[in-house]
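Heads up: the sequence shown begins at 3 in our numbering, then just goes up one per residue.
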Amino acid sequence: MRPMKQTTRRTLPLLGVAVVLAACLLAAGCTGQAPDGTDNKTEWGIDLNGTSWDLVSYAQNGSMKDVLADTPVTLVFGENTTASGSAGCNSYSTTYTLNKTAGITFGPTASTLMYCPGEGVMEQESAYLGLLDTVRSLKVEDESMTFFDENGTAVLVFKTHVPPEPEPLVGTEWGLQWYHDGDAIVSVIAGTEVTAVFDDEGTVAGSAGCNRYFASYEVNGTEMSIGPAGTTLMACMNEDIAEQERTYLALLNTTASLAIEGDRLSLMDENGTVVLDFAKAQAPEALPLVGTTWVLDAYHLDDIVMPVIEGTEVTAVFGENGNLTGSAGCNRYFAPYNLTNSDSDSSMEIGQVGSTKMYCEEPEGIMDQERTYLDLLATVKGYAIEGDHQLELLDERGWRILAFTAKA
């Protein structure tokens with residue numbers, strides 16, 4: 003059965019704003035009618051832009067119910083009367099209107115359509131999004147914001163959002179949660195993994211869902227640019243996964259800025275629209291260097307990243323006896339290796355390489371690729387295992403020269 007692509011409940015323009023907290027609170031006195039019957043209509047000129055809120059409680063069966071622990075529900079007011087956030091499981095976006103007489107109202111909501119396990123999570127999300135549609139006025143006091151329905155009954159209570167300490171951009175493995183495709187927010191296809199790891203040399207690499215990719219990037223403050231991506235050339239048997247991969251790589255190239263809040267990374271285009279939304283990937287237990295079959299994805303020649311020729315497989319297996327063996331694409335090869343491990347260093351030296359002496363005519367370039375690979379092995383001085391299944395072999399400068407993925 004083919005994986006199902008998740009789309010939106012309703013199609014709306016996605017907000018063009020990063021999830022950024024404005025530290026200042028709203029002006030006092032901007033309210034709807036309070037429960038005590040006093041006239042607290044919204045004052046003209048209130049500016050919610052850039053403010054961010056966490057839901058504390060919501061109305062259910064005539065009383066206020068606290069939000070479930072560990073399922074944050076958020077509301078961020080963006081530019082051009084847009085709003086967005088997390089409903090506890092899914093990301094959502096909407097529009098809002100402020101005026102003198104009606105207070106505040108929200109438009110139709112667009113969201114991803116993931117299912118999250120956990121008692122009450124989906125029920126809470128449904129209640130929250132439904133209550134947004136009933137909001138007619140608001141009241142802001144100190145660090146609290148309350149929404150009321152048309153009867154002046156409190157339906158949603160928020161507190162000012164305090165952003166958590168951001169994860170570092172460099173070195174964190176980011177897993178894609180959703181992307182902006184046309185006018186839709188689209189969840190990553192179930193069972194696929196799209197990742198991004200930014201290194202301190204200006205390279206971003208990861209899985210695009212089917213193929214490995216790599217691209218250059220530059221950051222200046224919150225401004226970011228990402229160059230065209232190179233990829234391995236495996237064929238994706240599922241067309242939906244292939245289309246997701248093409249869309250992801252194209253959106254990477256549109257990045258103009260970034261924002262990190264806690265363990266979430268948002269990449270925006272030149273209009274400020276969030277086009278890619280990531281969360282910090284949970285670090286699985288890394289595979290061991292020794293005994294794992296590593297398959298070459300790409301090799302580096304100076305500043306050029308070269309993907310492995312389609313239809314060829316280059317492998318490396320580090321044995322417990324200090325011998326490295328594998329396929330160089332055409333011939334089998336073998337060489338001794340030596341490791342030195344410490345808390346601050348993982349060094350490696352590979353000795354003289356021997357190989358069989360076959361000649362392969364196809365695919366074109368296979369013998370040149372083999373010679374380059376074997377020459378690069380002789381320059382290896384260190385290694386690093388990234389995530390749970392990525393191996394990098396490094397030269398004496400600490401630069402990546404060979405990038406592998408563990409064979410499934």
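Every residue, glycine too, gets a C-beta built ideally from N, C-alpha and C.
Check the C-beta distance from residue i over to residue j and give it rounded, since I have them as a contact under 8 Å.
i, j, result
"tryptophan 55", "leucine 77", "5 Å"
"glycine 208", "tyrosine 219", "Not a contact, Cβ separation roughly 12 Å."
"threonine 257", "isoleucine 228", "5 Å"
"histidine 391", "leucine 289", "6 Å"
"valine 292", "glutamate 322", "6 Å"
"glutamine 126", "threonine 73", "7 Å"
Taking the DSSP output, what are the residues bridged to residue i?
i, result
"proline 338", "Asn325"
"alanine 198", "Trp176"
"glycine 208", "Tyr215"
"tryptophan 296", "Ala318 and Ala408"
"asparagine 63", "Asparagine 63 is not bridged to any residue."
"valine 75", "Looking at the DSSP assignment, valine 75 forms no beta bridge with any residue, so it has no partner."
"methionine 308", "Tyr301"
"valine 159", "Ser59 and Thr148"
"leucine 1", "Because the chain in this structure spans residues 3 to 410, residue 1 falls outside the shown range and cannot be described."
"threonine 275", "DSSP, once it has assigned bridges, lists no residue as partnering threonine 275."
"alanine 85", "Phe79 and Thr96"
"leucine 140", "Phe149"
"glycine 68", "A quick correction: the sequence has aspartate, not glycine, at residue 68. Beta-bridge pairing links aspartate 68 to Ser59."
"valine 382", "Valine 382 pairs with nothing; no bridge assigned."
"glycine 52", "In the DSSP output, where bridge partners are listed per residue, glycine 52 has none listed."
Would you mind stating whether residue i and residue j have Cβ atoms separated by less than 8 Å?
i, j, result
"alanine 330", "isoleucine 352", "no"
"valine 310", "alanine 300", "yes"
"glycine 313", "tyrosine 335", "no"
"aspartate 135", "phenylalanine 160", "no"
"tryptophan 180", "leucine 267", "no"
"leucine 50", "leucine 158", "no"
"valine 75", "serine 65", "no"
"valine 316", "tyrosine 375", "yes"
"proline 165", "glutamate 81", "no"
"alanine 231", "leucine 251", "yes"
"aspartate 265", "alanine 281", "yes"
"tyrosine 117", "glycine 90", "no"
"phenylalanine 79", "threonine 96", "no"
"alanine 386", "serine 348", "yes"
"phenylalanine 406", "leucine 298", "yes"
"serine 139", "glycine 105", "yes"
"lysine 383", "glutamate 398", "yes"
"alanine 210", "valine 196", "yes"
"aspartate 458", "valine 172", "Because the chain in this structure spans residues 3 to 410, residue 458 falls outside the shown range and cannot be described."
"valine 188", "alanine 198", "no"
"isoleucine 243", "isoleucine 191", "yes"
How many Å lie between residue i and residue j at the Cα?
i, j, result
"methionine 236", "leucine 254", "20 Å"
"glutamate 372", "cysteine 332", "7 Å"
"glutamate 169", "glutamate 247", "25 Å"
"glutamate 241", "histidine 182", "19 Å"
"leucine 115", "leucine 133", "18 Å"
"serine 86", "aspartate 68", "21 Å"
"threonine 294", "leucine 404", "16 Å"
"proline 110", "threonine 99", "12 Å"
"valine 123", "serine 113", "15 Å"
"valine 137", "alanine 186", "24 Å"
"cysteine 212", "asparagine 153", "53 Å"
"glutamate 363", "threonine 234", "21 Å"
"alanine 61", "threonine 148", "11 Å"
"glutamate 143", "glycine 193", "45 Å"
"arginine 402", "glycine 328", "20 Å"
"alanine 408", "glutamate 388", "11 Å"
"glutamate 225", "lysine 359", "51 Å"
"threonine 174", "glycine 367", "35 Å"
Tell me the DSSP secondary structure of residue i in three-state form.
i, result
"alanine 252", "helix"
"glutamine 392", "strand"
"isoleucine 106", "strand"
"methionine 350", "strand"
"arginine 399", "coil"
"isoleucine 387", "strand"
"glycine 313", "coil"
"alanine 281", "strand"
"isoleucine 187", "strand"
"valine 123", "helix"
"glutamate 1", "Any question about residue 1 goes unanswered here, given that the chain covers just 3 to 410."
"tyrosine 181", "strand"
"glycine 154", "coil"
"alanine 330", "coil"
"methionine 369", "helix"
"glycine 132", "helix"
"threonine 413", "Outside the displayed range of the chain (3 to 410) lies residue 413, so it cannot be described from this structure."
Quick one: does the C-beta of residue i sit closer than 7 Å to a heavy atom of the ligand NAP?
i, result
"methionine 124", "In terms of ligand content, the structure shown is empty, and the ligand NAP therefore cannot be addressed."
Do we get a CB-CB distance below 8 Å when we pair residue i with the residues of chain C?
i, result
"methionine 66", "No chain C is part of this structure, which consists of one protein chain only."
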